[in-house]
Amino acid sequence: MVRDIESPKTEATIIAERLFTDAAITHDDIDVVFIYDHFTPLVLMALEEFGFCERGEGKDFVGGGRLRWPDGELPLNTSGGNLSEGYIHGMQNTIEAVRQLRGTARCQVSEAKHVFVSGGNAVPTSAMILKGEI
163 MVRDIESPKT EATIIAERLF TDAAITHDDI DVVFIYDHFT PLVLMALEEF GFCERGEGKD
223 FVGGGRLRWP DGELPLNTSG GNLSEGYIHG MQNTIEAVRQ LRGTARCQVS EAKHVFVSGG
283 NAVPTSAMIL KGEI
């Protein structure tokens, strides 16, 4: 997708709008989030662009343990992400998302039913929402 220079929307923003609409859920329904973390600052940008917080509010959004496992309201990259687990272009995030839904993750989020997984947001990106059995 080519970015419209006049639009404040990025590829990630456009993808998120469509993804949440198609999944018929909101950001508040997401139990665990996996952001492709090829560079640490891009996690803040991704949280903003995918709509988990407003643009410019990423640093405040991540404060206070909000993204921490097991007691944060939106645990992030529970398997460690690329920075801890390896650089295999996001596949580990997808594997961990499935483990969360199956209830077999080492850092299991209690009763995870909706998981958001993204590709890198510094290039044309991708994202998906996985839903467990409801």
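Residues in the sequence shown are numbered consecutively from 163, following this note's numbering. The C-beta atom is built at its ideal place from N, Cα and C for all residues, glycine as well.
Taking the alpha carbon of residue 278 as the point to measure from, which residue in 219, 200, 240, 286 has its own alpha carbon closest? 240
Determine the direct distance from the alpha carbon of residue 246 to that of residue 184, and round the result to whole angstroms. 32 Å
List the endpoints of the continuous beta strand (DSSP E) containing residue 292.
-> 289-293
- Query: Taking just the CA atoms, how far does residue 211 sit from residue 172?
  - Reply: 7 Å
Who are the near neighbours of residue 182 in its chain, counting only those whose CB is closer than 8 Å to its CB and skipping five residues on each side? 188, 189, 213, 291
Rounding to the nearest angstrom, what Cα-Cα distance links residue 271 and residue 253 in this structure? 19 Å
State the CB to CB distance for the pair residue 298 and residue 234, rounded to an integer number of angstroms; the pair is presumed to be in contact (CB under 8 Å).
For residue 298 there is no data in the structure shown, the boundaries of the chain being 163 and 296.
query: Terminal residues of the continuous alpha helix (DSSP H) containing residue 223?
result: 220-223
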